[in-house]
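A short write-up of the structure that comes next.
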Amino acid sequence: MIIVTGATGALNGVTVDRLLDELPPSDIGVSVRKPEHAQQLADRGVRVRQGSYNDPAALRHSFADAEQVLLVSSSDVTADVNAQHRTAIDAAVEAGAQRILYTSSHGTGFNTPYPPLAINAAAEQHLAESGVAWTALRNGFYGDLSQLLGPWQATGTIAKPADGPFSWVDRRDAGEAAARILTSDEPFDGPVDLTPPTSVTLADFAEQASELSGRHVERIVVDDEKWVVGEIAAGVPEAAARFTLAMFQATRSGHFAQPGLTLSRLLGREPRSIADQLAAEQFVKTR
Ligand SMILES: NC(=O)c1ccc[n+]([C@@H]2O[C@H](COP(=O)([O-])OP(=O)(O)OC[C@H]3O[C@@H](n4cnc5c(N)ncnc54)[C@H](OP(=O)(O)O)[C@@H]3O)[C@@H](O)[C@H]2O)c1
């Protein structure tokens, strides 16, 4: 049985959907904080059990019978996420899982400007010490395009701090690749980079947005501190603005830059390009 946490979230929700394309529902279980949010999965025959990274006993119960457990990286900003990840990994070991997978990120390592990279490095270290086979799905950078680019459709500009090349994946592709790894006969041991064959910059997004919209979209580089001041004036908490700034700083130092071929190989096609993703977003906005 494959047990997935974070299945009521965006990334691992896609993974469960893609697993259901390939496996009988009785081979799949989910461990979710709110089972009522997973009713659709229960209706399809997926085993739904309650589990939270703050509750080891509930996790052990929800991981029972698992050959493989896929752990989402916690999004709980109010918690000690390192402790949560250790709790989840230990519960999977205690439940007898033969392989533990974890949604890590490309560029993971200690001593980086972007805090999630060190959190993922700590989780990977705990996995390596767990004594159980493990796989870190080092996804390229992803997220909502509106957050990455700002309101370019209204302003005709992408006004953000300086960036460097970064690997940008469509979350649907990352979720699908995880399902392929979970159902593969090939062992994927340790860190696996899931990045597209080419990295991009915000200037590339501006170019593609210009082509798509038929009008010039300008990439404007904003001074770091001026950008933070502007975000705070727009109502963003300073800590959140500085967190995002750290992401841009990480791209400048190449933390998200290495392209890869494993993602394409797993998908059996090219990953969705930034043009595909911008077009999909445009379609949603104009419906
Ligand atoms: N590589 C990247 O660029 C990138 C970008 C954004 C995020 N991430 C990371 O990747 C993860 C998945 O991304 P996403 O887009 O799927 O985010 P998401 O939609 O916010 O999903 C996060 C999932 O984590 C679950 N979760 C949070 N805290 C938990 C806890 N204490 N115990 C058990 N489950 C918990 C949530 O449960 P509920 O459904 O109950 O809320 C949710 O299902 C995020 O959590 C974040 O750590 C990576």
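So in UniProt numbering the end of the sequence shown lands on 287, straight run, no missing numbers. Backbone N, C-alpha and C define an ideal beta-carbon position, used for all residues, glycine too. Here the structure is a predicted model, which is why all the values come from computation and not from measurement.
Three-way DSSP call (helix, strand, coil) for E218 in this model: In this structure, E218 counts as strand in the three-state DSSP scheme.
Contact check, L20 vs R44, beta carbons under 8 Å: Between L20 and R44, the C-beta spacing is below 8 Å.
Contact under 8 Å by Cβ, D173 with P271: Closer than 8 Å, so yes.
Own chain residues within Cβ distance below 8 Å of V132, not counting five before or after: Once the five neighbours on either side are set aside, the close Cβ partners of V132 are A92, V93, A97, Q98, R99 and I100.
Segment contact, 8 Å Cβ cut-off, at least three pairs: the region 161-173 with the region 256-267: Contact between the region 161-173 and the region 256-267 is present, because at least three Cβ pairs lie under 8 Å.
Cβ-based burial, T8 [other Cβ within 10 Å; buried from 16]: Only buried fits T8, as 16 or more other CB atoms lie within 10 angstroms of its CB.
Euclidean distance between Cα positions of P25 and D276: So the two alpha carbons sit approximately 31 Å from each other.
Exposure of I119, with buried meaning 16 or more beta-carbon neighbours within 10 Å: Classification of I119: buried, given that the 10 Å Cβ count is 16 or more.
Unbroken beta strand (DSSP E) run spanning K160, endpoints: If you look at K160, you'll find it in the beta strand (DSSP E) that goes T157 to K160.
Residue of I232, N139 and L71 minimising C-alpha distance to H85: The alpha carbon of H85 has as its nearest neighbour, out of I232, N139 and L71, the alpha carbon of L71.
Residues near S104 by beta carbon distance below 8 Å, same chain, minus five either side: Same-chain partners within the cutoff: S73, N120, A123, E124, A136, L137, R138, N139 and P191.
Same chain, Cβ closer than 7 Å to Q208, neighbours up to 5 away in sequence not counted: Excluding residues within five positions, the ones whose Cβ falls inside 7 Å are I274, A275 and L278.
beta-carbon V4 near ligand 1 non-hydrogen atom, thresh 7 Å: For V4, the distance from the CB to the nearest heavy atom of ligand 1 is not below 7 Å.
Q84 Cβ short of 7 Å to ligand 1 heavy atom set: Proximity of the beta carbon of Q84 to ligand 1 is indicated: a heavy atom of the ligand is located closer than 7 Å.
D76: CB within 7 Å of a non-hydrogen atom of ligand 1: Flag set: Cβ of D76 near ligand 1.
Three-way DSSP call (helix, strand, coil) for Q98 in this model: Assignment of Q98 by DSSP, reduced to helix, strand and coil, places it in the coil class.
Segments of 3+ residues assigned as beta strand (DSSP E) that fall wholly inside the region 8-66: Within the region 8-66, the runs of beta strand (DSSP E) that reach at least 3 residues and sit entirely inside it are, in chain order, 28-32 and 47-50.
Distance cut-off 7 Å: T15 Cβ against heavy atoms of ligand 1: Checking the Cβ of T15 against ligand 1 gives no.
beta-carbon R33 near ligand 1 non-hydrogen atom, thresh 7 Å: Yes, since a heavy atom of ligand 1 falls inside the 7 Å radius drawn around the Cβ of R33.
DSSP three-state assignment for P191, whether helix, strand or coil: Of the three classes helix, strand and coil, the one that applies to P191 here is strand, per DSSP.
C-beta contact flag for G175 and R47 at 8 Å: Against a cut-off of 8 Å, the Cβ pair of R47 and G175 comes out as no contact.
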